[in-house]
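Q: Pasting a structure here, questions to come.
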Amino acid sequence: MKATRKVLRPRREGADRQAVRWQEDFADYIRTECHLAANTVEAYRRDLARFFSWLGSRRLQSLSVNDLAEYPAWLGEKQLSPKSITRHVASLKVFFRFVQLEGALTDNQAELLGTQKLWQKVPQVLSVSQVESLLSAPRKSDPWWLRDRAILELLYATGCRVSELATLKLADMHRAERYCICHGKGDKQRIVPLGRRAVEAVERYLADERPQLAERGKAMSDALILSPRGTGLRRERIWELIKRYALRVGVPSEISPHSLRHSFATHLLAGGADLRQVQEMLGHASIATTQIYTHVDHTRLKKVHQQFHPRA
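By numbering that gives the first Met the number 0, the letter at position 212 of the sequence shown is numbered 211, and the numbering carries on one by one without gaps.
Quick look at the structure:
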């Protein structure tokens, strides 16, 4: 019986040839060992070809998570849809696991990119002037306008989630020291600084409107933000208020309470804040989640450069 001999691919030098070899070997792996459908294999092939186009002459082994975090932003600049970017990141993770299995990588940096949900939607970020317009949108003619201004100022000053704002207690506010305690996911607590304007907005609300709202309740509430019934204001109602004020001042209608959180983080990073400090203020368990704001700012700055630089 004639023995079969495994045909080895000739060794090829250079980054381009190595990239081709990795792509061929990976396609063989997901086809024969992972038993993926032909269409899926072809989709992974296309995704990987785009990754190696971004990679250029760099070596896989030299990439850090910070390097890899620029890849989804690059895909966004290529006008790929959020759904397509999600698939590209998923393909990249599978590829890096394959390379690790092959023994070419010891540390799999791609695993630190976070979950696929991270890339399903690029955050809506407001400019500083848009934030100023939105925060000053509540007027004296509006019912409970001081409360609404306090809501907007707190969302932007703290970067807290709308659910965290809705559950803020009076005892969580430390106005003299200018900080508040946010209760995040899993009831994890974090201290977030408060700016002067946010403190002033809260103090005016506490002095002039909250006592009136509290009197309407059947029982005294310890919630900071109250509804006209004297109970804690629901997160859904906060969302509706922001939509209404955004429409009034001409801010994009797609914004949500989370847009102020995104703007808070992006503006801090654009001003030179350290990524780890922003991660702590946002209450992110993984810095990979905070990395998305560097992508947003990177894209914005590139557009500014192209628009105004004489040699762009």
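Heads up, the beta-carbon is just placed ideally off N, CA and C, and yes, glycines get one too. As the structure is a prediction and not an experimental result, all values here were calculated from the model.
Just list the alpha helix (DSSP H) runs in the stretch 20-66, keeping only unbroken ones of 4 residues or longer that don't cross its boundaries, in chain order.
A: Fully enclosed alpha helix (DSSP H) runs of 4 or longer: 37-54.
Q: Taking C-beta to C-beta, are Ala269 and Leu281 nearer than 7 angstroms?
A: Here residue 269 refers to the residue found at position 270 when the sequence shown is read from its first residue. Here residue 281 refers to the residue found at position 282 when the sequence shown is read from its first residue. No, the pair does not count as a contact, with Cβ atoms beyond the cut-off.
Q: Counting only runs of 4+ residues fully inside the stretch 156-235, write out the alpha helix (DSSP H) ranges in chain order.
A: Fully enclosed alpha helix (DSSP H) runs of 4 or longer: 161-165, 195-207 and 209-214.
Q: Within 10 angstroms of its Cβ, does Leu74 collect 16 or more other Cβ (buried), or is it exposed?
A: Sequence index remark: in the sequence shown, residue 74 carries index 75 (1-based). Burial call: buried.
Q: What ranges does the alpha helix (DSSP H) occupy inside the stretch 84-146, keeping only unbroken runs of at least 4 residues that lie completely in it?
A: Taking only runs of at least 4 residues, the alpha helix (DSSP H) segments lying wholly in the stretch 84-146 are 127-134.
Q: Report yes or no: do the stretch 205-214 and the stretch 124-139 share at least 3 C-beta pairs separated by less than 8 angstroms?
A: With the cut-off at 8 angstroms, the stretch 205-214 and the stretch 124-139 do not touch.
Q: State the CB to CB distance for the pair Pro71 and Val93, rounded to an integer number of angstroms; the pair is presumed to be in contact (CB under 8 angstroms).
A: Your numbering for residue 71 matches position 72 in the sequence shown. Your numbering for residue 93 matches position 94 in the sequence shown. So it is not a contact: roughly 16 angstroms between Cβ atoms.
Q: Indicate the three-state DSSP secondary structure (helix, strand or coil) for Ile254 in the structure shown.
A: Numbered from 1 along the sequence shown, position 255 holds the residue referred to as residue 254. If DSSP states are grouped into helix, strand and coil, Ile254 belongs with coil.
Q: Check Gly270 in the structure and name its three-state DSSP category.
A: Taking the first residue of the sequence shown as 1, we reach residue 270 at position 271. Coil.
Q: With DSSP as the reference, label Ala284 as helix, strand or coil.
A: The residue you call residue 284 lines up with position 285 of the sequence shown. Coil at Ala284, not helix or strand.
Q: Can Arg234 and Gly158 be called in contact, C-beta distance under 7 angstroms?
A: Locating residue 234 in the sequence shown gives position 235, where the first residue counts as 1. Locating residue 158 in the sequence shown gives position 159, where the first residue counts as 1. Taking 7 angstroms as the Cβ cut-off, Arg234 and Gly158 do not qualify as a contacting pair.
Q: Going by other Cβ atoms of all chains shown within 10 Å of its Cβ, with 16 needed for buried, is Val326 buried or exposed?
A: The requested residue 326 does not occur in the structure, where the chain is confined to residues 0 to 311.
Q: Could you check where the alpha helix (DSSP H) with Gly249 kicks off and where it finishes?
A: If you number the sequence shown from 1, residue 249 lands on position 250. Careful: Gly249 lies outside any alpha helix (DSSP H) and carries neither H nor E.
Q: If you pair each beta-carbon of the stretch 143-158 with each one of the stretch 191-206, do three or more pairs fall below 8 angstroms?
A: The stretch 143-158 is in contact with the stretch 191-206.
Q: If distances are taken between C-alpha atoms only, which option among Trp238, Ser128 and Arg58 comes closest to Gln17?
A: Stepping through the sequence shown from its first residue, residue 17 is reached at position 18. Of the listed residues, the one whose Cα sits closest to Gln17 is Arg58.
Q: On the CB-based measure, 16 or more other CB atoms within 10 Å of its CB, does His266 come out buried or exposed?
A: Mapped onto the sequence shown, residue 266 falls at position 267. Per the 10 Å Cβ criterion, buried.
Q: Between which two residues does the alpha helix (DSSP H) holding Arg72 run?
A: Along the sequence shown, read from residue 1 onward, the residue named residue 72 stands at position 73. The identity of residue 72 in the sequence shown is Ala, whereas the question assumes Arg. Glu69 to Glu76 is the extent of the alpha helix (DSSP H) around Ala72.
Q: Hey, would you say Leu111 sits closer than 7 angstroms to Leu134, going by beta carbons?
A: Within the sequence shown, residue 111 is the residue found at index 112, counting from 1. Within the sequence shown, residue 134 is the residue found at index 135, counting from 1. It is not a contact, given that the beta carbons lie outside the stated cut-off.
Q: Could you check the C-alpha separation between Cys33 and Thr39 for me, to the nearest Å?
A: Stepping through the sequence shown from its first residue, residue 33 is reached at position 34. Stepping through the sequence shown from its first residue, residue 39 is reached at position 40. In a straight line, the C-alpha of Cys33 is about 11 angstroms away from that of Thr39.
Q: Figure out for me which residue from Lys184, Glu131, Arg215 and Ala222 has the closest Cα to the Cα of Met172.
A: In the sequence shown, the residue the question calls residue 172 occupies position 173. That would be Ala222, whose Cα lies nearest to the Cα of Met172.
Q: Taking the C-alpha atoms as reference points, what is the distance between Ser126 and Ser132?
A: Translated into positions along the sequence shown, residue 126 becomes position 127. Translated into positions along the sequence shown, residue 132 becomes position 133. Going from the Cα of Ser126 to the Cα of Ser132 covers about 10 angstroms.
Q: On the three-state DSSP scale, how would you describe Ser262?
A: Taking the first residue of the sequence shown as 1, we reach residue 262 at position 263. Three-state result, Ser262: helix.
Q: I need the DSSP call for Leu240, collapsed to helix, strand or coil.
A: In the sequence shown, counting from the first residue as 1, residue 240 sits at position 241. It is helical.
Q: On the criterion of 16 or more Cβ atoms from any shown chain inside 10 Å, does Thr105 qualify as buried, or is it exposed?
A: Translated into the one-based positions of the sequence shown, residue 105 becomes position 106. Classification for Thr105: exposed.
Q: Between which residues of its own chain and Gln108 is the CB-CB distance below 7 angstroms, once the five residues before and five after are set aside?
A: Indexing the sequence shown from 1 puts residue 108 at position 109. Closer than 7 angstroms at the Cβ level, and outside the excluded window around Gln108, lie Leu62, Ser63, Val64 and Leu67.
Q: For Leu154, which three-state DSSP category applies?
A: On the sequence shown, residue 154 is found 155 positions in, with the first residue counted as 1. Residue state, collapsed to three classes: helix.
Q: Looking at Ile237: is its Cβ nearer than 7 angstroms to the Cβ of Val130?
A: In the sequence shown, counting from the first residue as 1, residue 237 sits at position 238. In the sequence shown, counting from the first residue as 1, residue 130 sits at position 131. Contact flag unset, no.
Q: Just to confirm before moving on: does the CB-CB distance between Ala179 and Val191 stay below 7 angstroms?
A: Mapped onto the sequence shown, residue 179 falls at position 180. Mapped onto the sequence shown, residue 191 falls at position 192. The identity of residue 179 in the sequence shown is Cys, whereas the question assumes Ala. Going by C-beta atoms, Cys179 is nearer than 7 angstroms to Val191.
Q: Applying the criterion that 16 or more other CB atoms from any shown protein chain within 10 Å of the CB defines a buried residue, is Trp118 buried or exposed?
A: Taking the first residue of the sequence shown as position 1, residue 118 is located at position 119. With a pLDDT of 42 at Trp118, under the threshold of 50, the predicted position of this residue should be treated as unreliable, and no value is reported.
Q: Roughly how many angstroms lie between the CA atoms of Leu54 and Arg44, to the nearest whole one?
A: By one-based count along the sequence shown, residue 54 stands at place 55. By one-based count along the sequence shown, residue 44 stands at place 45. Spanning the two alpha carbons is a distance of roughly 15 angstroms.
Q: Under a Cβ-count criterion, where at least 16 other Cβ atoms within 10 Å of its own Cβ denotes burial, should Glu253 be classed as buried or exposed?
A: Mapped onto the sequence shown, residue 253 falls at position 254. Result: exposed.
Q: Going along the chain, which residues of its own chain have a beta-carbon closer than 8 angstroms to the beta-carbon of Thr289, five neighbours each way excluded?
A: Taking the sequence shown and counting its residues from 1, the one referred to as residue 289 is at position 290. Once the five neighbours on either side are set aside, the close Cβ partners of Thr289 are Ala264, Leu274, Val277, Gln278, Leu281 and His283.
Q: Could you tell me the alpha carbon to alpha carbon distance between Leu91 and Lys187, rounded to whole angstroms?
A: The residue you call residue 91 lines up with position 92 of the sequence shown. The residue you call residue 187 lines up with position 188 of the sequence shown. Taking the straight line joining both Cα atoms gives about 32 angstroms.
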